[in-house]
Amino acid sequence: MAPETSGAAAAEFPVLPVGLTGAADRTAERAAAAPAETPLDPAVLSAPEKRRLERRGKLLTGACVFVVMGAVAALIVSVAWQGLAAFLADGVDPVAFLTGAVWAPHAGEAAYGAAPMILGSLAVTALSCAFALPVSVACAIYAVEVSPSFGSRVFRPVMELLAGVPSVVFGLLGLTVVIPLVADATGTTGYGILAGAVVLAFMVFPTITSLTMDTLKAVPQSYREAALGLGLTRWQAICGAVLPAALPGILTALVMGMARAFGESLAVQMVVGNAAAVPSGLVGPAATLTSVLTMGMANEAPGTPAAHALWALALVLLVMSLVFVGIVHWIGKRAEDRHGTA
Amino acid sequence: MALLEEFNKVAAVPGVAPEAPLLADKGIARARLANVVGTRAMGVVCVTATAVIALLVGALVVQGSEKALDWGFLTGAPQQFLEGGGIGPELFNSFYLLVITMLISVPLALGAAVFLTQYAPQGRVASAAKTAIETLSSLPSVVVGLFGMTVFVIGAGWGFSILSGACALTLFNLPILVRTIQQALESVPRSQRDAALALGLTRWEATWRVLLPSATPAIVTGVILSAGRVFGEAAALIYTAGQTAPVLDFSCLDLSSPTCPWNVFRPAETLAVHIWKINSEGVVPDLAAVSAGTAAVLLASLLVFNLLARFAGKLLEKRMTSS
């Protein structure tokens, strides 16, 4: 395939052969000519050296990718293995596990009903996002559509800072600010789903807001210009043109927020009250999947049925987070099918 | 369609329905009123939310500032049943754990990002890796922590240790790090990469000599920002790095001694874990003061990370583009 290459041509295009088929026959010439060509730059490599370097680089970086993928696979298999052991080895009925209302791994007759935790997790997630979403969308609209200077100078940095606040600090704020407020308002201890949801609302707020702002920014300027050019007011342009176009992105932001809320552990655990019973109301001690995992794993010896039951909770958590990823993909794909753009 | 209807409602009325100009004016007036009320309302919500957040976080920092500025608190040993405990070991542990985590995760993420952008940007491996990374980033950190406990603490026999914690944090940190480095590499103009390859550089050389230098500012910014996330993480650590902080003896260089600060096989409670633990146990007499002080130190460190990320990114950019 490669034509015969003269020495002169090889000198003119000294490194062209790399990566081309049929380069091997040129390699010898290239290597022979190398000392004459390279004194200007000692770093220039001969073709075989280059090929070796390329192979080594590919191997090295490929190994990194392999390690990352292996770790993820190991993580999923490990959680699934130990979680499924509760059903396969210890004979816990999966349906009873998901619907049972009593969680008592250490009672005389151990009961593994995860419904209280699953309901608790769903409740704090739904409530926190219900609190955060309207505020998030309003803030994003103001910061992107109405006052971009305030948005980029003040609001965006504040969101970035808030997103970086560690979850234990939110938990601490929950203990010192939210719990007393809820306790005063309801005449209870304050611990419970409501407090957890308020704390989580603060945590998912920056997530939903930042993603919504990105989505709004991605709406083509021509939409706004067309709407304003038709004589609409800015508010009508936002409601009639920008928001509908941004809807898939806002839904994605919401689901990402829900995923964060569902998987958050310490902040919720600090304020939720930690009583594994079916929640009877918004106040009063409750539990979530993450809070039971956080509290329980220290007390169980690995390999016991009680530990397996906890791993089954972790499996539920894992499956739910995969479901959230799936929903995000589905929304993205649907939007793409509809508009022909990502 | 909604747009068209909207348009008809507002604009078509004066011409089409001249017999009812009053109605048309009312419609326009209503639209104008909605415009003012709507945008103002958004503004009120946005400014209020910003103020509430700033107030809450600010109040916590102010509340803890007295402790956080006290040298004895910053260097002292924690107390369980007495007042006046410090956070010396926790402060050191947080930074040491962060450094070890970064030593593991940055090269790994860099390698993975280079492979995914330079060697195999498309194809089955890339899409599998993308899915894996996305999955990892969506996993709750408590699950990552429990996996770390199974594999590193029990499986590898490292016990509750800095190394176990750093490995768990690496898993927690990798997705965001790979993504930022990938974005940084992809944001280098394609022409630069093409030119390097056309000059006969191998991909490896092009990456190291052309792409990485010009992507460095963005990579450094991303690494520092991810460091902030790692610094505040607790859920992945309580079952990997442990919840105890042995008193450290900085004159001890015996790497197997539990009091040696540099020993990676000793348990190491961090600042974030400390806040969680003392509040869960609730036995420390001056709990509120110690919690607020620790939180203030944590937040101040994060602020420094944030400012450093901006500053370092800008500085590097200036230096690397002017030379």
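So the sequence lines, in the order shown, correspond to chains A and B. Taking full-length UniProt numbering, I'd label the letters of the first sequence as residues 1 to 342. Taking full-length UniProt numbering, I'd label the letters of the second sequence as residues 1 to 323. Where a beta carbon is used, it is the ideal one built from N, C-alpha and C, also for glycine. None of these values were measured; they are calculated from a predicted model.
- Interface criterion not met: the Cβ of A:GLY196 is under 9 Å from no Cβ in chain B.
- Taking C-beta atoms as the reference points, A:VAL198 and A:VAL219 fail to come closer than 9 Å.
- By the C-beta criterion, the segment 81-88 of chain B is judged not to be in contact with the segment 303-310 of chain B, since fewer than 3 inter-stretch pairs fall below 8 Å.
- Between the alpha carbons of B:VAL52 and A:PHE155 lies a distance of about 12 Å.
- In this chain, A:ASN299 is not harboured by any alpha helix (DSSP H), its DSSP state being neither H nor E.
- Across the segment 128-159 of chain B, CB contacts with chain A closer than 8 Å involve ALA128, ALA129, ALA132, ILE133, GLU134, THR135, LEU136, SER138, LEU139, PRO140, SER141, VAL142, VAL143, VAL144, LEU146, PHE147, MET149, THR150, VAL151 and ILE154, in sequence order along the chain.
- By the 16-neighbour rule on beta-carbons within 10 angstroms, B:PHE115 is buried.
- In this structure, the alpha-carbon of A:ALA86 lies about 6 Å from that of A:PRO305.
- At a cut-off of 9 Å between beta carbons, A:ILE141 contacts chain B.
- Within the segment 60-144 of chain B, the complete alpha helix (DSSP H) segments of 4 residues or longer fall at 71-75, 88-114 and 124-138, listed in chain order.
- For the pair A:PRO116 and A:VAL278, the CB atoms are nearer than the 9 Å cut-off.
- For B:LEU271 against B:VAL297, the beta-carbon gap comes to about 6 Å, under 8 Å, which counts as contact.
- Within the segment 60-90 of chain A, the residues whose Cβ lies closer than 8 Å to some Cβ of chain B are LEU60, THR61, GLY62, ALA63, CYS64, VAL65, VAL67, VAL68, MET69, ALA71, VAL72, ALA73, ALA74, LEU75, ILE76, SER78, VAL79 and GLN82, listed in chain order.
- Annotation for A:LEU318: VAL79 place their beta carbon closer than 6 Å to its own, counting only its chain and skipping 5 residues before and after.
- Per DSSP, reduced to three states, the secondary structure at B:ALA31 is helical.
- Classified as exposed, B:LYS314 has fewer than 16 neighbouring CB atoms from the shown chains inside 10 Å of its CB.
- At a cut-off of 9 Å between beta carbons, B:ASN173 makes no contact with chain A.
- Scanning chain A for C-beta atoms nearer than 9 Å to the C-beta of B:ARG190 yields nothing, as the closest lies near 18 Å away.
- In the structure shown, the three-state DSSP call for A:GLY164 is helix.
- The alpha-carbon of A:LEU53 is positioned some 10 Å away from that of A:ALA47.
- Secondary structure at A:ALA104: strand, using DSSP grouped into helix, strand and coil.
- Using beta-carbon distances, B:TYR96 does not count as an interface residue toward chain A, since no partner is under 9 Å.
- With at least 16 other beta carbons inside 10 angstroms of its own, B:GLN118 counts as buried.
- The alpha-carbon of B:ALA41 is positioned some 10 Å away from that of B:ALA34.
- Here the alpha carbons of B:ILE104 and A:GLU49 stand approximately 29 Å from one another.
- Under DSSP, A:GLY284 takes part in a beta bridge, and its partners are A:GLY192.
- The C-alpha of A:ALA276 lies about 12 Å from the C-alpha of A:THR290.
- At least one CB of chain B lies nearer than 9 Å to the CB of A:GLU54.
- Listed along chain A, no residue sits closer than 9 Å to B:TRP71 by beta-carbon distance, the nearest being about 23 Å off.
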